[in-house]
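Heads up: the structure comes next, in structure tokens.
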Amino acid sequence: MQVLLVLAHPNPDSFSHAIADRGRQALESAGHTVHLLDLYALGSPAAMSAEEHAAYQTNDPIVSPMVAEHAALVKSCEAMVFVYPTWWSSQPAILKGWLERVMVPGVAFVFNSRGKVRPGLGNIRRIVGISTYGSPRSYVHFVNDNGRRTLVRALHLNAWRSRTKWLGLYAIDTTTAAVRDAFLARVDRVLGAL
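Number 26 in UniProt numbering belongs to position 26 of the sequence shown; there are no gaps in the numbering.
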């Protein structure tokens with residue numbers, strides 16, 4: 001299976017990078033082809049430009065060669081895995097911006113002959129979100145976990161035949177090395193069985 005692994009963390013020594021490395025290894029060991037997009041390393045802009053915003057309503061909404069390359073990967077992959085820390089109850093701006101710039105008409109959704117929105121990600125069979133949180137699970141649930149909702153609900157609406165899986169490590173600032181190792185082992189199991 002072709003898997004797109006999207007990583008959004010600026011520090012290469014972060015636990016998010018460790019998760020992405022472990023996930024990539026598990027996927028490749030299971031025989032999948034992994035396309036890793038490290039958004040910070042690639043210099044992906046966090047905000048949609050005025051030119052991109054103007055193009056969004058046209059028949060050619062992608063103006064950046066990098067975004068065109070990423071959109072082609074989205075359309076060719078059968079699974080998408082997102083790894084990021086939850087900051088301010090949501091995804092890092094770079095990931096949200098990537099979603100806004102890549103998941104445009106013709107990629108994430110299409111319009112039918114009556115102008116109604118229809119799912120465009122029929123090729124995606126699996127969506128996996130993996131995030132770390134500074135807060136405990138009860139607090140994250142209380143504030144609605146907006147990053148998770150974006151991936152497992154909004155993105156899933158455009159890939160409605162896909163199955164979703166969520167892996168969250170809560171209260172990371174107070175976890176022990178043993179807890180983090182157990183989480184990495186869980187990442188191994190889940191992605192190895194994708």
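Glycine included, every Cβ here is placed at the ideal spot set by N, Cα and C.
Check the Cα spacing between E52 and each of A68, L184, M1 and S90: the tightest is with A68. A171: not part of any beta strand (DSSP E); DSSP gives it neither H nor E. Taking a cut-off of 8 Å on C-beta distances, the stretch 126 to 146 does not touch the stretch 103 to 112, as fewer than three cross pairs fall below it.
DSSP places H35 within a strand segment (E or B) once states are collapsed to three.
Classified as exposed, R114 has fewer than 16 neighbouring CB atoms from the shown chains inside 10 Å of its CB. Non-local C-beta neighbours of R163 in its own chain, meaning closer than 8 Å and more than five positions away in sequence, comprise R125, R126 and I127, ordered along the chain. As DSSP reads the structure, Y84 sits in a beta bridge with S131. Under the 10 Å beta carbon count, Q91 is surrounded by 16 or more other beta carbons and is classified as buried. Check the Cα spacing between H70 and each of D13, D181 and G97: the tightest is with G97. Rounded to whole angstroms, the gap between the alpha carbons of I172 and L37 is 24 Å. Contact between the stretch 19 to 27 and the stretch 177 to 190 is present, with at least three C-beta pairs closer than 8 Å.
Taking 9 Å as the cut-off, the Cβ atoms of L121 and A159 count as close.
With contacts defined by Cβ atoms closer than 9 Å, S131 and R148 form a contacting pair. By the neighbour-count definition (other C-beta atoms within 10 Å, threshold 16), S49 is an exposed residue.
Taken atom to atom, the span from the alpha-carbon of M66 to that of A108 is near 17 Å. Counted as a single uninterrupted DSSP element, the alpha helix (DSSP H) harbouring V74 occupies residues P65 to S76. With 16 or more other Cβ atoms from the protein chains shown falling within 10 Å of its own Cβ, V34 counts as buried.
Of the other Cβ atoms in all chains shown, fewer than 16 fall within 10 Å of the Cβ of L157; this residue is therefore exposed.
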